[in-house]
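The working numbering puts the first residue of the sequence shown at 84, with every later residue one more than the last. To keep things clear, I will list the structure first and then write my remarks on it.
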Amino acid sequence: MLVNLQTIIGMAEKGNYCIPAFNVYNTETVMGVIDAAEQEKAPVIIQVYPRLLNEEVGFYLCPAVVAAAQRASVPVCFHLDHGPSEWEVTRALRWGCTGIMLDGSVHDFDKNVEMTKHIVDTCKSVGIGVEGEIGHVGSVNDAAMDEFTSPEEAAEFVKQTGVTCLAVLVGNAHGHYKKPPKLDIERIKAIREATGGTPLVLHGGSGIPDEQVKAAIAAGIRKMNIGTDVCCAFADGTKATLDDPQRSLAVDLFMKKPIQYVKELAVSKIRLTGADGKAQ
Ligand code: 13P
């Protein structure tokens, strides 16, 4: 069933676990994630980068996500990841997203608050919750990533915007880490406390050691994003197929392994976040 962001985050909050949020790129990655969620009886978030919300890809991909979510026996939220402005948010709502992220973290605090609050108000009119970001989560290739989210700023941001959940910078980054990250678990706890128990979001979920993920969830992370690992699983499945001299040329058969590899990755993250068995 297709559910909105506040419903699925509310489930995680109530059960003290974390919803895995998988970035998808094509129908096959959607199939792998939904297969995993059904098998594990897990609520999941399927999310897309704004660049995919266009006439070339989004036209095909978004209806496929909505149809898959509606048909699924588990709760699925279809979420816009890193929406930079109202333009992308409007598109996402038009394409059927039931969760929105407005990422104003590249702007100064006041501008970030202003943009996010506006989107929270807009989305409220259609019953959809919003994820905001305070402290900019960059890429593993950025020179410095040390301006971690301040608990005081996070508290003020939540108070002024009314976001459903909040992405934070606590030692995480997008992409495959060059060396294992060291999450600031104490800071996650402090942000959680300062914001009155606001559900927190961990971006850059690919490659964070399992023990740190578990500690982060215990400290208040309720949504973890996984993008790069989905791409790697898909690529590995494709390579395994290409390496098989018996492989079929028929594209649907050729795609079976990439789908299976994405499914296996999704199953492992569902279990790691404690979302398995939580759909009943
Ligand atoms: P990774 O690609 O590092 O898993 O990060 C995904 C993400 O945070 C998307 O917003």
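Glycine included, C-beta positions come from ideal geometry on N, C-alpha and C. Everything numeric in this text was worked out from a predicted model, so none of it was measured.
Item: Determine the closest residue to His286 out of Gly258, Glu269, Lys242, Ala301, with distance taken between C-alpha atoms.; Value: Gly258
Item: Hey, which residues come within less than 6 Å of the ligand 13P, measuring from Cβ to any heavy atom, in chain order?; Value: Asn106, Asp164, His165, His257, Gly258, His286, Gly287, Gly288, Ser289, Asn308, Ile309, Gly310, Thr311, Asp312
Item: Put Gly303 into one of helix, strand or coil per three-state DSSP.; Value: coil
Item: Check the C-beta distance from Ile91 over to Ile129 and give it rounded, since I have them as a contact under 8 Å.; Value: With a Cβ gap of about 11 Å, Ile91 and Ile129 do not count as contacting.
Item: Would Gly218 and Leu266 qualify as a contact pair, given that the criterion is a beta-carbon distance under 8 Å?; Value: no
Item: I'd like the span of the alpha helix (DSSP H) that includes Asn70, first residue to last.; Value: The structure shown does not extend to residue 70, since the chain is modelled only from 84 to 363, so the question has no answer here.
Item: When you compare the stretch 340 to 354 with the stretch 139 to 149, are there three or more beta-carbon pairs, one atom per stretch, that lie closer than 8 Å?; Value: no
Item: How would you write the range of the beta strand (DSSP E) that Gly221 sits in, first residue to last?; Value: No beta strand (DSSP E) holds Gly221; DSSP gives it neither H nor E.
Item: What runs of the beta strand (DSSP E), each 3 residues or longer, lie entirely inside the stretch 131 to 194?; Value: 159 to 166, 182 to 185
Item: Across which residues does DSSP place Glu236 in a beta bridge pair?; Value: DSSP lists no partner for Glu236.
Item: Hey, how far is the Cα of Leu185 from the Cα of Asp327?; Value: 43 Å
Item: Give the straight-line distance between the Cα atoms of Ala150 and Asp191, rounded to the nearest whole angstrom.; Value: 38 Å
Item: Who are Ile128's beta bridge partners in DSSP?; Value: Ala104, Cys160
Item: Taking C-beta to C-beta, are Ile353 and Pro103 nearer than 8 Å?; Value: yes
Item: Give me the DSSP bridge partner(s) of Val213.; Value: Ile183
Item: Determine the extent of the beta strand (DSSP E) in which Ala250 is found, giving its start and end residues.; Value: 248 to 251
Item: Let me know the secondary structure DSSP gives Leu266 once reduced to three states.; Value: coil
Item: If contact is defined by three or more beta carbon pairs under 8 Å, each pair taking one atom from either stretch, is the stretch 261 to 276 in contact with the stretch 318 to 334?; Value: no
Item: Just the C-alpha distance for Ile268 and Glu239, rounded to the nearest angstrom, thanks.; Value: 20 Å
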